[in-house]
Amino acid sequence: EAGVTQFPSHSVIEKGQTVTLRCDPISGHDNLYWYRRVMGKEIKFLLHFVKESKQDESGMPNNRFLAERTGGTYSTLKVQPAELEDSGVYFCASSSGLSLFSGANVLTFGAGSRLTVL
Amino acid sequence: EDQVTQSPEALRLQEGESSSLNCSYTVSGLRGLFWYRQDPGKGPEFLFTLYSAGEEKEKERLKATLTKKESFLHITAPKPEDSATYLCASPSGAGNKLTFGGGTRVLVKP
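If you're matching them up, the sequences are chains A and B in order.
If you count the first sequence from 1, position 31 lands on 645 in the numbering used here, and the numbers rise without skipping.
If you count the second sequence from 1, position 95 lands on 993 in the numbering used here, and the numbers rise without skipping.
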């Protein structure tokens, strides 16, 4: 089974530009998550989709970040305009079930998209 | 606020030198603890889930244990291929997200 795929693997942009990151989850996984790790910090939750609906976007830093999951398949995360502090690695993950309190559900992560804002 | 803290930040081991990594958490009503391994340039890879105090799980040279306040990842007779960053995380909120610790970078020298 194919894993979680993210594109691009690395993006370098100037401050003020726009970047769109893409995530293809494991086929059949209704739950899709975005996480981020900025330099020297822990991996932090950004948001959670169930199919095409945003279940929880409490971790989104501000309105410069827009996540979409049209059709409930792949997802995009757009940063517009990008700021220096947005630099980091953006991870996408997917799971078949909703609750991580259940032993049956595990998050499978992609390799991440490294964003560098100059 | 839920918090997960890992120690040490980094660990250098000789091949065969066993050691333990610590993950302490302040999560109200803990309902699970996840361990992940992360290699450079890759995403976290799932290792174990522990759900109740006293629970233990093993995979090759790794053994994870859980108490009411912390979890340990024991690495027995490590090999260079065990070099990685080990992350622990706890489900939080409505159970739909993970709160991660900062990770422990393990380097095993031959």
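We treat Cβ as the ideally placed atom computed from N, Cα and C, and that holds for glycine.
Looking at the C-beta of B/P942, does it have a partner C-beta in chain A at a distance below 7 angstroms? Contacts with chain A at 7 angstroms (Cβ-Cβ) include B/P942.
Three-state class that DSSP yields for A/G654 in the structure shown: Three-state result, A/G654: coil.
B/S988 to A/D644, Cα distance in whole Å? Computed Cα separation, rounded: 21 angstroms.
Which partner residues does A/G702 have in the DSSP bridge list? In the DSSP output, where bridge partners are listed per residue, A/G702 has A/L729.
Alpha carbon to alpha carbon, what distance is there between B/G941 and A/V664? A/V664 and B/G941: Cα-Cα distance of roughly 21 angstroms.
In chain order, what residues of the segment 902–934 of chain B put their CB closer than 7 angstroms to some CB of chain A? Correct list: R929, G930.
Hey, B/N920 and A/D670: beta-carbon distance below 7 angstroms or not? Taking a C-beta distance under 7 angstroms as the contact criterion, B/N920 and A/D670 do not qualify as a contact pair.
Cα-Cα separation between A/Y647 and B/R929, rounded to whole angstroms: Roughly 20 angstroms separates the two Cα atoms.
Measuring only between beta-carbons, confirm whether A/L714 sits less than 7 angstroms from chain B. Closer than 7 angstroms: yes.
For chain D, is any of its Cβ atoms less than 7 angstroms away from the one on A/D638? Any reference to chain D falls outside this structure, whose protein chains are A and B.
To the nearest angstrom, how far is it from the Cα of A/A653 to the Cα of B/G952? The residue asked about is misnamed: residue 653 of chain A is Met in this sequence, not Ala. Looking at the two C-alpha atoms, the distance is approximately 35 angstroms.
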